[in-house]
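If you count by the working numbering, then the sequence shown holds residues 31 to 203, one letter each, in order. Idealized CB from N, CA, C, for every residue including glycine. Here the structure comes first, spelled out in structure tokens, and everything after it is commentary.
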Amino acid sequence: MDFQDIILSRRSIRRYREGAIDRGDLKKMLEAAMAAPSAVAKDPWFFYAVTNAGVLSTLAGVLPYGKMLKQAAAAVVICGYPQKAYLGETGEPGYMLQDCSAAVENLILSAQALGIGSVWLGVYPNRDRIEGIRELLSVPDNLLPLAVVSLGYPGESLPPRTRYDESLVSWVE
Ligand SMILES: Cc1cc2nc3c(=O)[nH]c(=O)nc-3n(C[C@H](O)[C@H](O)[C@H](O)COP(=O)(O)O)c2cc1C
31 MDFQDIILSR RSIRRYREGA IDRGDLKKML EAAMAAPSAV AKDPWFFYAV
81 TNAGVLSTLA GVLPYGKMLK QAAAAVVICG YPQKAYLGET GEPGYMLQDC
131 SAAVENLILS AQALGIGSVW LGVYPNRDRI EGIRELLSVP DNLLPLAVVS
181 LGYPGESLPP RTRYDESLVS WVE
């Protein structure tokens, strides 16, 4: 599949078939995440790679729109690391959110290339979700849970698409 096809065929997959994701594939996804652009290469991120079924189930209870985690083979919890982020002239949070979002996108595109379904689940800035994850995974105070990616072999098939809208583009030529 060429790279444009990988991008267009990635859809949020919320139903999974049985099947563990091996650690090698999880590591590839994490390598992709940590290959993302990051302001001044500060890499202000930390990842929890979760494959424990009990923890995945509890995580599903913490995220109101994350019920698919009960069936997921794995999840990656992406945390920001505010003290590492490049602040520029602006102060906290600097570019942490952009850097971590780029990492999440790389991770889910890598999953797609490996034939693994994913869905990005919002955490930050919802206080309850942040604190729920902090408690569940004993996330230290210097990290900030930002997002969860639910992962599993696809149990549903959604058509490739873009939401391209010409009215949202101004060509400056
Ligand atoms: C910041 C963010 C938060 C999201 N949170 C959720 C969520 O809590 N639950 C969920 O099922 N999908 C969530 N999604 C996935 C979106 O619903 C999905 O990407 C969007 O509907 C477009 O569909 P597609 O991913 O299939 O292209 C989230 C996506 C983003 C970027």
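- In this structure Q142 is buried. Its beta-carbon is surrounded by 16 or more other beta-carbon atoms within 10 angstroms.
- Counting of Cβ neighbours within 10 angstroms places G110 among the buried residues, the total reaching 16 or more.
- For a cut-off of 8 Å, the C-beta gap from A132 to P67 is around 5 Å, short enough to register as a contact.
- Contact between the region 108–125 and the region 82–93 is absent, with fewer than three C-beta pairs closer than 8 Å.
- Distance from the Cα of K114 is smallest, within the candidate group A63, A71, E165 and L181, for A71.
- For the pair G152 and G49, the CB atoms are not nearer than the 9 Å cut-off.
- Ligand 1 has a heavy atom closer than 8 Å to the beta-carbon of S42.
- Secondary structure at P175: strand, using DSSP grouped into helix, strand and coil.
- For I146, the secondary structure class from DSSP, reduced to helix, strand or coil, is coil.
- Counting along the chain, the unbroken alpha helix (DSSP H) around I37 starts and ends at F33 to S39.
- Looking from the CA of L56, the closest CA among Y194, I138 and L38 belongs to I138.
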